[in-house]
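Positions 1 to 591 (UniProt numbering) are the ones given, in order, by the sequence shown. For each residue, glycine too, the CB sits at the ideal point set by N, CA and C.
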Amino acid sequence: MGTTTSGGGRHRRRIRIALPVVAAGVATAVAGTLFMSSAEAAETPPSPAHSGPSAKELQKRLASAVAGDDLPGQTAKTSLSASPATTVDPKIIGGTTTTITTAPWMAQLWYGDDRGTATTSDDIGFFCGGAVIAPTKILTAAHCVKGYNWHANGVIVTGATQLATDTDLYGGTATGVWRQWNHPSYSAATIDNDIAVLTLPNPVRATPIRMTTAADTASYKAGTNAKVYGWGRTTSTTQDISTTLKTATLPIQSDTTCTNFYGADFAKGHMVCAGTPASGSDEGTTSACNGDSGGPLVVNGRIVGVVSWGVKDCVESGAYSVFSKVSTYVGTVYPRVDDTNLNGDNYADVWVRNAADKTGYERDSKGTSLGARQSWGNWSGFNVVLQTDLDRDGYQDLLVRRASDGDVFWKHYVPSSGTWATKLIGDNWKTRLSIVAPGDVTGDHLPDLVSVDSGGALWIYPGKGNGSFATRLKAGVGWNSFNFVRGHGDFNGDGLADLVARKKTGGAVYLYKGRGNGTFAAGLKVATWSNTTYNAFAAVGDVNGDGKADLLARTPAGTLYLYRGNGSTGNVIFSAGLSLGTTFKQYDIFA
């Protein structure tokens with residue numbers, strides 16, 4: 001967006017319309033978790049095995065990306081239903097210069113793959129935008145991610161107004177990518193479900209921006225002014241992208257307006273379009289364009305859209321910029337932000353303890369099954385173990401309660417020292433009936449802690465993002481009528497953390513939908529499971545990687561079932577139970 005000065009932008013891209021999409025797939029991001037015997041380090045988790053690339057490697061990737069001339073996720077679709085002469089083209093023309101101070105969450109996504117050959121003819125290099133939504137999480141478009149190996153070839157630059165070069169970050173910070181996720185139903189042909197998340201190996205200092213909520217309709221009202229940010233093309237006549245961060249104000253358009261121009265290519269509910277009708281040339285046009293792909297559309301300080309697609313060269317008369325509608329996808333993205341991922345493959349993993357010898361084991365999810373168990377040594381001193389990430393650093397933490405006195409500790413990995421630190425966060429919680437790490441229930445995008453005391457009061461401990469908590473909030477009474485309270489993530493697809501609880505009498509199971517303000521809606525009955533049906537439960541997040549929180553339930557005989565969340569807003573929130581094995585009677589803790 002904006003106009004270029006004489007000579008064009010610094011990064012001149014050679015025009016190449018066709019792009020063979022690389023079928024590289026997602027490489028395994030990290031090595032397996034280290035094994036430990038109980039004799040080696042009782043009560044000490046194994047050290048996470050993921051780390052970022054060297055500065056030299058990042059510079060090499062950046063050089064390949066800067067020299068590249070490719071378009072991310074070039075679709076094979078050649079025309080739009082309503083405009084046969086145009087071409088769908090993942091994409092700011094018009095607008096003004098801004099700074100990273102006004103948009104500290106903006107990220108530059110550089111992809112540079114030299115293919116390991118002596119020639120440059122097969123190199124792949126491109127640029128996308130993105131937004132920091134948590135210290136290690138970048139929200140972007142699926143067409144920037146799907147089919148590419150970001151772990152092996154990606155560079156993320158944050159904290160810079162100027163576009164990076166292969167020799168200068170202009171005050172920004174470069175990091176690699178640990179793992180990648182794109183919406184499982186993303187279609188390259190229709191550019192539908194065009195949303196993705198990149199996880200970084202270490203937190204960045206950039207201030208995160210929040211996504212909007214699933215219930216947000218006001219932000220999408222026609223005429224609402226939204227702001228788009230990016231370093232994309234500044235003119236329809238060259239492939240130059242901007243050397244300076246730019247922004248433009250685009251009015252939201254109605255679904256009817258978008259459909260009238262784009263026809264069936266505009267997927268109502270999944271997409272939103274914005275801007276005034278393009279004029280047919282740079283003059284009079286304000287639009288997102290190539291290079292802005294994956295960047296945010298912002299209303300009232302929250303992301304409501306992700307730059308997805310538009311017409312070729314961005315200025316065809318009557319055209320609008322099209323964005324992925326974040327309110328639709330916030331529930332799917334949430335498990336990527338607050339995950340329980342021990343081995344880095346985007347599936348929430350399970351931690352169990354053998355009742356006889358108190359050995360803890362990691363069981364990595366494979367989507368519909370669990371991998372072989374990996375020993376964590378002896379954990380005899382505890383009666384509660386929970387997975388969480390209180391400091392949002394991308395490394396899984398543990399909350400543990402000591403059996404002898406009820407003290408609750410936060411165990412978290414410290415990358416700088418390569419060791420685990422332990423901090424007391426709850427004194428004498430021996431009589432607490434339940435302790436839960438559900439994620440963010442207060443709406444500040446920081447993970448919280450929930451507990452039920454012996455009197456049945458439900459307490460929320462608002463997390464500060466550093467392992468400490470603000471003054472607790474009372475969120476309900478009568479919770480001592482339940483014999484289990486669990487939660488990790490969003491069970492009904494609205495992007496807000498929920499709780500699930502079972503009545504002691506009768507076995508009725510209720511969903512308590514989080515409202516994102518420290519309160520919960522009235523319980524909604526979702527199942528009846530007596531103690532003779534299931535006698536142990538765990539909520540660890542998204543076990544099968546589909547973007548929905550799941551529940552684990554064990555029969556008294558020892559069969560462990562995965563109840564996959566389906567994102568329903570009704571009372572059937574889980575698909576049919578899927579057996580994960582029959583040998584789980586031996587375990588007394590599921591985390």
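- Counting along the chain, residue 64 sits inside the alpha helix (DSSP H) bounded by residues 55-67.
- Residue state for residue 577 is assigned as coil, using DSSP reduced to three classes.
- Residue 195 places its beta carbon 7 Å or farther from that of residue 175.
- In the DSSP assignment, residue 511 forms a beta bridge with 500 and 524.
- In the DSSP assignment, residue 150 falls within the unbroken alpha helix (DSSP H) covering 150-153.
- Under DSSP, residue 277 takes part in no beta bridge, so it has no partner.
- Annotated three-state conformation of residue 265 is helix, per DSSP.
- Secondary structure of residue 220 (DSSP, three-state): helix.
- Rounded to the nearest whole angstrom, the CA to CA distance from residue 106 to residue 338 is 20 Å.
- Residue 353: member of the beta strand (DSSP E) spanning 350-354, first to last residue.
- Residue burial is scored here from C-beta neighbours: residue 387 has at least 16 other C-beta atoms within 10 angstroms and is therefore classed as buried.
- Between the stretch 528-535 and the stretch 334-354 there are fewer than three C-beta pairs closer than 8 Å, too few to call the two in contact.
- Counting along the chain, no beta strand (DSSP E) covers residue 332; the unbroken alpha helix (DSSP H) around it starts and ends at 326-337.
- Residue 212 places its beta carbon less than 7 Å from that of residue 302.
- Distance from the CA atom of residue 452 to the CA atom of residue 297, rounded to whole angstroms, is 40 Å.
- When rounded, the separation of the alpha-carbon atoms in residue 260 and residue 251 is 17 Å.
- Here the C-alpha atom of residue 450 lies approximately 25 Å from the C-alpha atom of residue 546.
- Measuring C-alpha to C-alpha distances from residue 560 to each of 330, 216 and 370 identifies 370 as the nearest.
- The stretch 425-444 and the stretch 397-410 touch, with three or more beta-carbon pairs separated by less than 8 Å.
- The closest CA to that of residue 198, considering only 522, 226, 108 and 562, is found on 108.
- Ranked by how close their Cα comes to the Cα of residue 490, the residues 478, 564 and 432 have 564 in first place.
- 548 is the residue among 587, 582, 548 and 557 whose C-alpha sits nearest the C-alpha of residue 568.
- In the DSSP annotation of this structure, residue 195 is not part of any beta strand (DSSP E), being labelled neither H nor E.
- Here residue 98 is near residue 245, since their CB atoms are less than 7 Å apart.
- Between residue 470 and residue 462, the CB-CB gap stays under 7 Å.
- Three or more Cβ pairs drawn from the stretch 62-72 and the stretch 116-131 lie within less than 8 Å of each other, which places the two stretches in contact.
- Remark: C-beta atoms of residue 295 and residue 367 do not approach each other more closely than 7 Å.
- Residue environment for residue 56: exposed (fewer than 16 other C-beta atoms within 10 angstroms of its C-beta).
- The beta-carbon distance between residue 509 and residue 365, rounded to whole angstroms, is 22 Å. This is too long to meet the 8 Å contact definition.
- A Cβ-Cβ distance of about 4 Å is found for the pair residue 219 and residue 299, placing them in contact under the 8 Å criterion.
- In terms of CA proximity to residue 413, 201 leads the group 201, 225, 185 and 227.
- Taking C-alpha positions only, residue 540 is separated from residue 112 by approximately 35 Å.
- In this structure, the alpha-carbon of residue 362 lies about 15 Å from that of residue 355.
- Rounded to the nearest whole angstrom, the C-alpha separation of residue 335 and residue 438 is 11 Å.
- Within the model, the alpha-carbon separation for residue 353 versus residue 580 is close to 16 Å.
- Contact between residue 537 and residue 557 is absent: CB atoms are separated by about 15 Å, not below the 8 Å threshold.
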